[in-house]
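Trainee: Quick one: structure below, then a few questions.
Protein chains: 2
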Amino acid sequence: MSEKAEQIVSAAQSLFLEDGYAATSMDAIAHESGVSKPTVYSHFQSKEGLFAGVMCRMCEDIGFDAFDGVETDGPPAVVLKAVATDMCRRLVVSEQGRALLRTVICEAPAFPELGRVAWETGPRYGREMVADYLAGLDGQGEVDVPDPVLAAGMFFGMVTGPFLIPVLLGTEPPPSEAVLSETLEKIVATFLKGVSV
Amino acid sequence: MSEKAEQIVSAAQSLFLEDGYAATSMDAIAHESGVSKPTVYSHFQSKEGLFAGVMCRMCEDIGFDAFDGVETDGPPAVVLKAVATDMCRRLVVSEQGRALLRTVICEAPAFPELGRVAWETGPRYGREMVADYLAGLDGQGEVDVPDPVLAAGMFFGMVTGPFLIPVLLGTEPPPSEAVLSETLEKIVATFLKGVSV
DNA sequence: GTCTATAAATGGATAGAC
DNA sequence: GTCTATCCATTTATAGAC
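Here the protein sequences come in this chain order: Z and F.
Quick note, the working numbering runs 17 ahead of the 1-based positions in the first sequence.
Quick note, the working numbering runs 17 ahead of the 1-based positions in the second sequence.
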């Protein structure tokens, strides 16, 4: 990708995330990226194409590798807390993550393909990895999880539940690392007690 | 409110919910409500005012009376399942509820007051009622809930977790009543086990 | 490939007739 | 109070010079 194309993508990212699809103009993108509008159109077919391309790429970049760098053979409470912390940092604490989530939720009806990519690369992928992990623990008799996918869904819900909606609605600031750690400790404990044998 | 004003509000509701703030034009609202644009402006000061007014009113209407019509002196599993079912019907199953949630999430940055109203009348109100209920159970020694607000947040997260994101992203249809009932049964059981004494 | 300039359409909002 | 007609700014997208 040429240098100008990258500048355009970068400007489009921040503007789309900041203002949403409809409220962001190609003029603004051209201005912000320091090129003229025809140059934007020489690299990207249309506003829709630029938006879908940029957002899908972001989903894949931020994409939710929940278990990246997490040692999965420690105690479940430690493993799950690490996974939960990673998820909250990506979706709740990170301003970019929040903005991306907000944007894909907004535009999913108009861009179904984007909704699908966001789901596959993000929550669904994370849920599957947690489900596999829980199924493994169940096989070892450490927990009682008859439906791993449902349990993983509960886990994700519990972890994000206390933060996600108020933060998305702008009525609470994202939690500090200290509050996050303390809260997730309790949440993971409650979850593990709920699925204990 | 006059008849025309009500037609305008009704048209504005469906169009804003369907297409979002920026993609909905005052022309379209006038056309859909069967009046002319100046009539719209004679009743409402501006597009922003119309949007904020209509959405805030919807939040208060749909507003989350989690315990309305729920007998709170039955077994906790029954009470909490009723609350959870009511919440999922409002936010996940109802197309209008989903659209409202999506819209307020989208526009919360541009309309902070709307975000506040949506939070206060909806999730926060529901969370507080569940927190009070759990605190009562804790006082009777039926559960171990040292932090009722956090526990209520976990509860809401667990209940919506398996449904909310995939439904908002458009990758899964809302659950049938049968699936909802079966799933919430398991979720409530896991939650209660997690907070058991 | 990139720019200036502009086309063609649509947006929010209003003046003035009735 | 309501409409027809219109203003003015802005939008997406492109034509043509360099």
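The beta-carbon is built from N, C-alpha and C at its ideal position, and this holds for glycine as well.
1) Return no unless some Cβ of chain Z is closer than 8 Å to the Cβ of Met175(F).
2) Helix, strand or coil, according to DSSP, for Gly58(Z) in the structure here?
3) Of all the residues that make up the stretch 42–66 of chain F, which are near chain Z by a beta-carbon distance shorter than 8 Å?
4) In the DSSP assignment, the alpha helix (DSSP H) including Thr200(Z) goes from what residue to what residue?
5) Which bits of chain F does Ala39(Z) rub up against, with CB to CB less than 7 Å?
6) State the DSSP-derived secondary structure class of Met75(F), mapped to helix, strand or coil.
7) Using a cut-off of 7 Å between C-beta atoms, extract the partners of Val121(Z) located in chain F.
8) Anyone know if the C-beta pair for Thr102(Z) and Leu197(Z) falls short of 8 Å?
9) List, in chain order, every chain Z residue whose beta-carbon is nearer than 9 Å to that of Lys210(F).
10) CB-CB under 8 Å to Thr207(Z), same chain, minus the five flanking residues each way: which ones, in chain order?
11) With 16 other CB atoms within 10 Å as the buried threshold, where does Met18(Z) fall?
12) What residue range is occupied by the uninterrupted alpha helix (DSSP H) comprising Phe128(F)?
13) Taking all protein chains shown into account, do 16 or more other C-beta atoms lie within 10 angstroms of the C-beta of Gly51(F), making it buried, or fewer, making it exposed?
14) Any beta carbon of chain F sitting closer than 8 Å to that of Thr207(Z)?
15) Where does Glu124(Z) land, buried or exposed, given buried means 16+ other C-beta within 10 angstroms?
16) Excluding the five sequence neighbours on either side, which residues of its own chain have a C-beta within less than 7 Å of the C-beta of Met43(Z), listed in chain order?
17) According to the neighbour-count rule (16 or more other Cβ atoms, all chains shown, within 10 Å of its Cβ), is Gln30(F) buried or exposed?
18) Under 8 Å by Cβ, that's how I've got Leu118(Z) and Leu108(Z) pegged, so tell me the actual separation to the nearest angstrom.
19) Going by Cα to Cα distance, which pick from Pro140(F), Phe61(F) and Leu151(F) is closest to Met104(F)?
20) Excluding five sequence neighbours on each side, which residues of the same chain lie with their C-beta closer than 6 Å to the C-beta of Ala69(Z)?
21) Scan the stretch 131–144 of chain F for residues whose Cβ lies nearer than 7 Å to a Cβ of chain Z and list them as they occur along the chain.
22) Please tell me whether Ile46(Z) and Leu34(Z) are closer than 8 Å, where the distance is taken between their beta carbons.
23) Secondary structure at Met43(F), three-state DSSP: helix, strand or coil?
24) Tell me, to the nearest whole angstrom, how far the beta carbon of Tyr142(Z) is from that of Gly80(Z); I am working on the premise that it is less than 8 Å.
25) Which residue wins for smallest C-alpha separation from Pro126(Z), given the options Glu112(F), Thr138(F), Pro126(F) and Val205(F)?
26) In the DSSP assignment, find the unbroken alpha helix (DSSP H) run with Ser19(Z) in it and report its ends.
27) Could you tell me the boundaries of the alpha helix (DSSP H) in which Val184(F) lies?
28) State the Cα-Cα distance for the pair Leu201(Z) and Met171(F), rounded to the nearest angstrom.
29) Any beta-carbon of chain Z closer than 8 Å to the one on Lys203(F)?
30) What's the C-alpha gap between Glu241(Z) and Val134(Z)?
31) Taking 8 Å as the cut-off, decide whether the C-beta atoms of Gly178(F) and Phe61(Z) are in contact.
32) Examine chain F for any beta-carbon lying closer than 8 Å to the beta-carbon of Ala125(Z), and answer yes or no.
33) Using 8 Å for Cβ pairs, my map puts Pro165(Z) next to Ala148(Z). What's the rounded Cβ distance?
Mentor: Judging by the given coordinates:
1) yes
2) Note on residue identity: the sequence assigns Tyr, not Gly, to residue 58(Z). In this structure, Tyr58(Z) counts as helix in the three-state DSSP scheme.
3) none
4) Glu194 to Gly211
5) Gly37, Ala39 and Ala40
6) helix
7) Leu186
8) yes
9) Lys210, Gly211, Val212 and Ser213
10) Met175
11) exposed
12) Note, Phe128(F): premise wrong, no alpha helix (DSSP H); not H, not E.
13) exposed
14) yes
15) buried
16) Lys54, Val57 and Lys64
17) buried
18) 6 Å
19) Pro140(F)
20) Phe128 and Leu131
21) Gly132, Arg133, Ala135, Trp136 and Pro140
22) no
23) helix
24) 7 Å
25) Glu112(F)
26) Here Ser19(Z) belongs to no alpha helix (DSSP H), and DSSP marks it neither H nor E.
27) Leu181 to Leu185
28) 10 Å
29) yes
30) Outside the shown range of chain Z, which is 18 to 214, sits residue 241(Z), and nothing can be said about it.
31) no
32) yes
33) 4 Å
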